[in-house]
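First up is the structure itself, then whatever we jot down about it.
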Amino acid sequence: MRMRRMVVASLETLLMVWAVVIGPFAWLLRDGLGPGATDSGGWQSVGRFLMTFYWGPILLALAGLRFLAGRRLPGG
Numbered sequence: 041m042r043m044r045r046m047v048v049a050s051l052e053t054l055l056m057v058w059a060v061v062i063g064p065f066a067w068l069l070r071d072g073l074g075p076g077a078t079d080s081g082g083w084q085s086v087g088r089f090l091m092t093f094y095w096g097p098i099l100l101a102l103a104g105l106r107f108l109a110g111r112r113l114p115g116g
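Numbered according to this note's numbering, the sequence shown spans residues 41 to 116.
What follows is the structure, encoded as structure tokens:
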């Protein structure tokens, strides 16, 4: 039971850090900085945001692991 709680708590912490700390940086950096920066808008900006630092796929992977850890690990 302790291992399950520790794994779930670790995954929840990683999810929060990824969403709250890395997410804003990915949003700010999605179009690039400096003279080579480009503008994006609408759905293009959302797609660029999700793929900056692979933010979207990593978020989905962490959420999936959190879900599986809560369901499949022994101890509860």
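Glycine included, C-beta positions come from ideal geometry on N, C-alpha and C.
Classification of residue i by the beta-carbon crowding that lies within 10 angstroms, buried from 16 upward
| i | result |
| --- | --- |
| Phe89 | buried |
| Trp83 | exposed |
| Arg112 | exposed |
| Leu51 | buried |
| Ala66 | buried |
For residue i, three-class secondary structure by DSSP
| i | result |
| --- | --- |
| Leu73 | coil |
| Ser50 | helix |
Span separating the alpha-carbon of residue i from that of residue j
| i | j | result |
| --- | --- | --- |
| Asp71 | Arg44 | 40 angstroms |
| Thr92 | Arg42 | 35 angstroms |
| Arg106 | Leu99 | 11 angstroms |
| Pro114 | Met46 | 12 angstroms |
8 angstroms contact criterion, which residue i and residue j should meet: CB distance rounded
| i | j | result |
| --- | --- | --- |
| Val48 | Ala109 | 5 angstroms |
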